[in-house]
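Novice: Please read through the structure below; I'll follow up with questions.
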Amino acid sequence: MNPIMRWLRFPGKLFFLGIVLIIMVFPLYWIFITSLKPSKEIFKLPLQYWPSTISFENYINIFKISNFHIYIFNNLIVSLASAFTVLLITTLSAYVLARHKFKGGPQIR
Numbered sequence: 705m706n707p708i709m710r711w712l713r714f715p716g717k718l719f720f721l722g723i724v725l726i727i728m729v730f731p732l733y734w735i736f737i738t739s740l741k742p743s744k745e746i747f748k749l750p751l752q753y754w755p756s757t758i759s760f761e762n763y764i765n766i767f768k769i770s771n772f773h774i775y776i777f778n779n780l781i782v783s784l785a786s787a788f789t790v791l792l793i794t795t796l797s798a799y800v801l802a803r804h805k806f807k808g809g810p811q812i813r
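Dropping the structure here:
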């Protein structure tokens, strides 16, 4: 059966997944749109779902006012170190599981 037809057989499931998708994606959309609004427009009521003027001043200010580049560099170091550690541990574990005989080993392989 065609995968599209399989999904169309369950419209309730498709509707539920669509609602879940909107609930999960809307906060990301709101964060991005708010980052493009000028500072005066962020707290203005009524809420606007699209900025009247697009401004990149918030992105410029984050590098001028704070040490954001240092924070990104620190995050990069921690991420790379943790990824390398996980890779090392899992590689060694996989070698042990593949080479050594132990009870229950055939179920893993």
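For the sequence shown, this note's numbering begins at 705 and goes up steadily by one. For glycine and all other residues, C-beta sits at the position ideal for the given N, C-alpha and C.
Within 8 Å (strictly less), CB to CB, does Leu-740 reach chain D?
Specialist: You won't find chain D in this structure, because it holds only one protein chain.
Novice: Would DSSP call Pro-750 helix, strand or coil?
Specialist: Of the three classes helix, strand and coil, the one that applies to Pro-750 here is coil, per DSSP.
Novice: Please confirm if the region 706-714 is in contact with the region 731-745, defined as three or more CB-CB distances below 8 Å between the two stretches.
Specialist: As far as the Cβ criterion goes, the region 706-714 does not touch the region 731-745, which means the pair count is below three.
Novice: Terminal residues of the continuous alpha helix (DSSP H) containing Ile-766?
Specialist: Looking at the DSSP string, the run of the alpha helix (DSSP H) that includes Ile-766 is 761-769.
Novice: Would Ser-759 pass as a contact of Pro-742 if the rule is Cβ separation under 8 Å?
Specialist: Yes, they are a contact pair.
Novice: Roughly how many angstroms lie between the CA atoms of His-840 and Thr-795, to the nearest whole one?
Specialist: The requested residue 840 does not occur in the structure, where the chain is confined to residues 705 to 813.
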